[in-house]
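Be aware that the sequence shown starts at 7, since it is given in my numbering, and climbs by one per residue.
By construction, the Cβ of each residue, glycine as well, lies at the ideal position given by its N, Cα and C atoms.
None of the values given here were measured: they were computed from a predicted structure.
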Amino acid sequence: MNQNPVRFGTDGWRAVMGEDFTYENVRACAQAVAEHFTETQGQEK
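What follows is the structure, encoded as C-alpha coordinates:
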(Lines of atoms letter the chains of each structure in order from A and count residues from 1; the text may use other names and numbers.)
(Lines give C-alpha, C1' and ligand atoms only; values in the text may rest on other atoms or scores of the structure.)
Protein backbone atom coordinates (compact mmCIF):
# COMPACT_ATOMS: atom_id res chain seq x y z
CA MET A 1 0.00 0.00 0.00
CA ASN A 2 1.10 3.52 -0.77
CA GLN A 3 2.51 5.49 2.18
CA ASN A 4 1.48 8.82 0.65
CA PRO A 5 -1.94 8.38 -0.95
CA VAL A 6 -3.26 10.93 -3.43
CA ARG A 7 -5.53 13.47 -1.77
CA PHE A 8 -7.60 15.99 -3.67
CA GLY A 9 -8.80 19.27 -2.21
CA THR A 10 -10.99 22.03 -3.56
CA ASP A 11 -8.10 23.18 -5.76
CA GLY A 12 -7.15 19.74 -7.10
CA TRP A 13 -4.17 17.57 -6.20
CA ARG A 14 -1.80 19.54 -4.03
CA ALA A 15 1.44 17.80 -3.21
CA VAL A 16 5.18 18.20 -2.77
CA MET A 17 7.20 16.95 -5.74
CA GLY A 18 9.01 13.75 -4.81
CA GLU A 19 7.13 13.27 -1.54
CA ASP A 20 3.45 12.99 -2.45
CA PHE A 21 3.64 13.77 -6.17
CA THR A 22 5.54 10.64 -7.26
CA TYR A 23 5.62 8.41 -10.34
CA GLU A 24 3.66 5.80 -8.37
CA ASN A 25 0.93 8.30 -7.46
CA VAL A 26 0.78 9.75 -10.99
CA ARG A 27 0.32 6.20 -12.36
CA ALA A 28 -2.43 5.48 -9.80
CA CYS A 29 -4.23 8.72 -10.65
CA ALA A 30 -3.98 8.11 -14.41
CA GLN A 31 -5.26 4.55 -13.98
CA ALA A 32 -8.22 5.75 -11.91
CA VAL A 33 -9.12 8.38 -14.53
CA ALA A 34 -8.87 5.79 -17.33
CA GLU A 35 -11.08 3.35 -15.41
CA HIS A 36 -13.62 6.09 -14.70
CA PHE A 37 -13.87 7.04 -18.38
CA THR A 38 -14.09 3.40 -19.44
CA GLU A 39 -16.94 2.78 -16.99
CA THR A 40 -18.85 5.96 -17.78
CA GLN A 41 -18.15 6.36 -21.51
CA GLY A 42 -17.42 2.82 -22.68
CA GLN A 43 -14.76 1.96 -25.21
CA GLU A 44 -16.43 3.30 -28.34
CA LYS A 45 -14.16 4.02 -31.27
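Under the DSSP definition of a beta bridge, which residues are partnered with PHE27? Within the sequence shown, residue 27 is the residue found at index 21, counting from 1. DSSP lists MET23 as partners of PHE27.
Alpha carbon of GLU45 to alpha carbon of PHE14, nearest angstrom: Along the sequence shown, one-based indexing puts residue 45 at 39. Along the sequence shown, one-based indexing puts residue 14 at 8. Distance between the alpha carbons of GLU45 and PHE14 is about 21 Å.
Output the distance between the C-alpha atoms of ALA34 and GLY18, rounded to the nearest integer angstrom. As a position in the sequence shown, residue 34 is number 28, starting the count at 1. As a position in the sequence shown, residue 18 is number 12, starting the count at 1. Rounded to the nearest angstrom, the two C-alpha atoms are 15 Å apart.
Going by the DSSP bridge assignment, what does PHE14 pair with across the sheet? Locating residue 14 in the sequence shown gives position 8, where the first residue counts as 1. DSSP output for PHE14 lists TRP19 as bridge partner(s).
Between the CA atoms of ASN10 and GLN37 - distance to the nearest angstrom: Counting from one through the sequence shown, the residue named residue 37 turns up at place 31. Counting from one through the sequence shown, the residue named residue 10 turns up at place 4. One C-alpha to the other measures close to 17 Å.
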